[in-house]
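Single-structure report; data block below.
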Amino acid sequence: MTPIPLELRNARIAVSTVFFLLGVLFATWVSRIPAISHKLQLNEAQLGIALLGLAVGALLAFPLSGWGTARYGSKLTTTIGIILMALALPLMTLAPDMVTLTLALVLFGMGNGGTDVAMNSQAVDVEKDYGKPIMSSFHALYSVGGIAGSLVGGLMAGIELAPIWHFLLITGISLLLTVYASMNLLKVPGSGETGPVFAAPSPKLLGLGVVIFCVAVGEGAMADWSAIYLKDSLGTTEQMATAGYLAFSGAMVLGRILGDSMRTRLGAVVLVSTGTILSAVGLLLGLIFPHPYAALIGFACVGWGLSSGFPVAFSAAGNVPGVHPSIAMAAIATMGYTGFLLGPPIIGFVAHASTLAWGLGLVVLLCLIATVFSRNVRMADLKG
């Protein structure tokens, strides 16, 4: 076997670091949503409106990042995105009202969305140079970051440390690791070509987009509402409430660690379809039985079941003929994170009109829809 060049190994570590940081930063925000919401005295509908800031920021950043990556390369756009996200994190703790919180979330969403497109483009290039499937391992590191962020968030909530000091600590560490990652990311030059920043996805990507939209709503719901459901609907402590996202992220890590090998044995379609069925059944049972442990099991089922959704979708998008990889990533990210970021606010509106359990029931329905459309991910199994 030909040894892996040192530069390529360092690039893999650097990309893994970026995926990890993205998970940490997002989970840091998620872990303190109850505290920030309580500080500003936001009801579920108001919090849902604030969360739209994430959607707006990300939806603006996706096509810009795709265009920038295609023209200038993914190293630059990845670095810019993660720095923006890290700097925006503490701004959310300084917001005096819903409007300023929403604006801070716009910046945070831009960093999140821009990094997501660029780092997945980097991951595709590294995977191609490795000559074997490693995409799921990168996404596993994102989930590991989510676990780390949740654990630290739970600790900080337990000792009642103010979110501002918590967030400043995470920002400082993230910026240091970003410097390291940026020095080792793969130097893949952009094409230098100009083209439209905003472009509609091709028909071949739309079917895939249905699946990733549904999967993303589930992930976004767990991120933004699992802690709220445990604390407000089931009456747990704030520290216990952080276990919801932890259960989801932990199960997702296990699924993604095994994702590459499972896809080799089962194929992309079977892997995704069985996962979405597990997510629907597990979450439904967790909502029917209103007990914290039942909810945690349901959240874990969603984590395991949806774990291969994003890695498989990005691999499939990279195999769509006639589309530049970064443009395909931007299209998939736009459709996916439309669900990831718009889904939770919609759940908030439903919860305000009825209960949060009914709002989370939308995730059950969308997982079943994803099962029906799962045949569209078969492009992930294409070679070359």
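Residue numbers (the UniProt record's numbering): 1 to 384.
Beta carbons are placed, not taken as given, at the ideal position from N, Cα and C, and that holds for glycine.
Note that the structure is predicted; figures quoted are calculated from it, not measured.
Here R12 is buried: its Cβ has 16 or more other Cβ atoms, across all protein chains shown, within 10 Å. Going by beta carbons, S326 and S74 fall inside the 8 Å limit.
Three or more beta-carbon pairs separated by less than 8 Å link the region 130-140 to the region 2-19, which places the two stretches in contact. Check the Cα spacing between A104 and each of M156, I36, W165, T69: the tightest is with I36. In the structure shown, F373 adopts coil according to DSSP, grouped into three states.
For the pair A295 and L356, the CB atoms are not nearer than the 8 Å cut-off. At a Cβ-Cβ threshold of 8 Å, F26 and P90 do not count as neighbours. Annotated three-state conformation of E7 is helix, per DSSP. Shortest Cα-Cα distance from P5 to any of Y130, P345, G207 involves Y130.
At a Cβ-Cβ threshold of 8 Å, F19 and F108 do not count as neighbours. Two segments are said to touch when three or more pairs of C-beta atoms, one from each, lie closer than 8 Å; by this definition the region 138-157 does not touch the region 51-70. Look at the region 278-346 and you find these whole runs of alpha helix (DSSP H), each 4 residues long or longer: 292-305, 309-318. By the criterion of at least three beta-carbon pairs nearer than 8 Å, the region 299-307 is in contact with the region 253-266. Runs of alpha helix (DSSP H) with 4 or more residues, each lying fully within the region 156-225, are found at 163-184, listed in chain order. Between the C-alpha atoms of T79 and F62 there is a straight-line separation of about 15 Å.
For the set A86, D125, E127, T93, the Cα lying nearest the Cα of N112 is the one of A86. Between Y245 and G146, the C-beta gap is smaller than 8 Å, which places the two residues in contact. Across the set V24, F340, P3, the C-alpha of V24 shows the shortest separation from the C-alpha of I170. Within the region 93-155, the complete alpha helix (DSSP H) runs of at least 4 residues fall at 98-130. Residue state for S354 is assigned as coil, using DSSP reduced to three classes.
For A380, there is no enclosing alpha helix (DSSP H), since its DSSP letter is neither H nor E.
Annotated three-state conformation of L89 is coil, per DSSP.
Taken through DSSP and simplified to helix, strand or coil, T77 comes out as helix. Linking M240 to F314 through their CA atoms gives a straight-line distance of about 34 Å. Going by beta carbons, C214 and I369 fall inside the 8 Å limit. The same chain holds no residue with a CB closer than 8 Å to that of P203 once the five nearest residues on each side in sequence are set aside. Within a 10 Å sphere around the beta-carbon of A118 sit 16 or more other beta-carbons, which makes this residue buried. For S121, same chain residues with a beta-carbon under 7 Å away, outside a window of 5 residues either side, are T69, S74, P325, S326, M329 in chain order.
Relative to A95, the option among M110, L40, G298, F289 whose CA is nearest is L40.
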